[in-house]
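Asks: Would you mind keeping the following structure in view while I ask a few things?
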Amino acid sequence: MNLFNLVHREKGAAILNCDTIAHELYKPGLPLNRTISENFGKEVITEAGEVDRKKLGSIVFSDKEQLDKLNSLVWPEVIAETQRRIKALGEQGYRIVVMEAAVMVRAKWYKYCHQLWTVIIPRDEAIKRIQKRDNLSAEDAAKRVDSQVSNEDHVAVANVVFSPNWSTDHTDTQLEAAWKELQEYLAKRK
4 MNLFNLVHRE
14 KGAAILNCDT
24 IAHELYKPGL
34 PLNRTISENF
44 GKEVITEAGE
54 VDRKKLGSIV
64 FSDKEQLDKL
74 NSLVWPEVIA
84 ETQRRIKALG
94 EQGYRIVVME
104 AAVMVRAKWY
114 KYCHQLWTVI
124 IPRDEAIKRI
134 QKRDNLSAED
144 AAKRVDSQVS
154 NEDHVAVANV
164 VFSPNWSTDH
174 TDTQLEAAWK
184 ELQEYLAKRK
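Numbering (this note's numbering), first residue to last: 4 to 193.
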């Protein structure tokens, strides 16, 4: 289940993936690329000038201080760019923009949202997905999962919770109810 694609395709919402935005901000020649090089060393920059996310990840996901430092450098840039894009999408006529961000709760970016919809998965499933997506060992993937906010913490602040482990019918029903509630909320704000 890719909830974000479903909301975009069937409901007409714009989607902003904050991970993708961060990676765009890492590009050679951009300020964040230089900042990362200055703070984590030239060894995290490839010969082509790209941030080597695997090398950077091995530094930050094994040292909480380093992860906190990276987050303090990256998060303000990502949220500023995300807000700029949300404004532009609003000017293009989008009434709903979905921010997809693995760090939404930890970074407290949900403060910028009208609602927080979260997708939770068991830890072992999260590890498998990260291994596959990033071509990492189970140990390295587990470090990344363990550096994130727990499912319980997500549920505590979420307006709506989804899980790929639930039936498609249940998810569809839940999505329709949540979408209807969001539409009613927006109608009151006109």
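Ideal placement from N, C-alpha and C gives every residue a C-beta, glycine not left out.
Keep in mind that this is a model prediction, so the values were computed, not measured.
Could you say which of V122, A91 and V77 lies nearest to T23 if we only look at CA atoms?
Replies: On the sequence shown, residue 23 is found 20 positions in, with the first residue counted as 1. That would be V77, whose Cα lies nearest to the Cα of T23.
Asks: If you pair each beta-carbon of the stretch 25-37 with each one of the stretch 112-120, do three or more pairs fall below 8 Å?
Replies: no
Asks: Return the chain-ordered list of same chain residues with a C-beta closer than 6 Å to the C-beta of A17, the five sequence neighbours on each side being excluded.
Replies: As a first step, residue 17 is located in the sequence shown; it is residue number 14 there, counting from the start. Here A17 has L92, Y97 and V100 as same chain residues with Cβ atoms under 6 Å from its own Cβ, once five neighbours each way along the sequence are excluded.
Asks: From I62, R147 and Q69, pick the residue whose C-alpha is nearest to that of V106; which is it?
Replies: Indexing the sequence shown from 1 puts residue 106 at position 103. Nearest C-alpha to V106: R147.
Asks: Helix, strand or coil: how does DSSP classify E50 here?
Replies: For this step, residue 50 is matched to residue 47 along the sequence shown. Looking at E50 - three-state DSSP - the assignment turns out to be coil, as it is neither helix nor strand.
Asks: Distance, Cα to Cα, E53 vs A161?
Replies: In the sequence shown, the residue the question calls residue 53 occupies position 50. In the sequence shown, the residue the question calls residue 161 occupies position 158. Distance between the alpha carbons of E53 and A161: 35 Å.
Asks: Taking all protein chains shown into account, decide if T85 is buried (16 or more other Cβ within 10 angstroms of its Cβ) or exposed.
Replies: Here residue 85 is taken as the residue at index 82 of the sequence shown, counted from 1. Looking at its Cβ environment, which holds 16 or more other Cβ atoms inside 10 Å, T85 is buried.
Asks: By alpha-carbon positions, which one of K191, L185 and K67 ends up nearest to D149?
Replies: Counting from one through the sequence shown, the residue named residue 149 turns up at place 146. Taking only the C-alpha atoms, the option nearest D149 is K67.
Asks: CB E103 to CB N20, shorter than 7 Å?
Replies: Stepping through the sequence shown from its first residue, residue 103 is reached at position 100. Stepping through the sequence shown from its first residue, residue 20 is reached at position 17. Yes; because the gap between Cβ atoms is below 7 Å, this pair is in contact.
Asks: Would you identify the three-state DSSP class for W120, choosing helix, strand or coil?
Replies: Your numbering for residue 120 matches position 117 in the sequence shown. Strand at W120.
Asks: By DSSP, does V10 sit in helix, in strand, or in coil?
Replies: In the sequence shown, counting from the first residue as 1, residue 10 sits at position 7. DSSP, reduced to helix, strand and coil, places V10 within a helical segment of the structure shown.
Asks: Alpha carbon to alpha carbon, what distance is there between F165 and I123?
Replies: Numbered from its first residue, the sequence shown carries residue 123 at position 120. Numbered from its first residue, the sequence shown carries residue 165 at position 162. Approximately 6 Å, taken between the alpha carbons.
Asks: In the structure shown, what three-state DSSP assignment does F43 receive?
Replies: On the sequence shown, position 40 is the one that residue 43 refers to. Of the three classes helix, strand and coil, the one that applies to F43 here is helix, per DSSP.
Asks: For A129, count the other beta carbons within 10 Å of its own beta carbon; 16 or more makes it buried, fewer makes it exposed. Which is it?
Replies: Counting from one through the sequence shown, the residue named residue 129 turns up at place 126. Label assigned to A129: buried.
Asks: Please report the straight-line C-alpha distance between D156 and V63, rounded to a whole angstrom.
Replies: Mapped onto the sequence shown, residue 156 falls at position 153. Mapped onto the sequence shown, residue 63 falls at position 60. Each residue's alpha carbon lies about 22 Å from the other.
Asks: With DSSP as the reference, please indicate the residues paired to L19 in a beta bridge.
Replies: Counting from one through the sequence shown, the residue named residue 19 turns up at place 16. L19 is bridged to M102.
Asks: Just reading off the beta strand (DSSP E) that V152 is part of, what are its end residues?
Replies: Taking the first residue of the sequence shown as 1, we reach residue 152 at position 149. Neither: V152 is in no beta strand (DSSP E) and is coded neither H nor E.
Asks: Return the first residue and the last residue of the beta strand (DSSP E) that V164 is part of.
Replies: In the sequence shown, the residue the question calls residue 164 occupies position 161. Residues V163 to F165.
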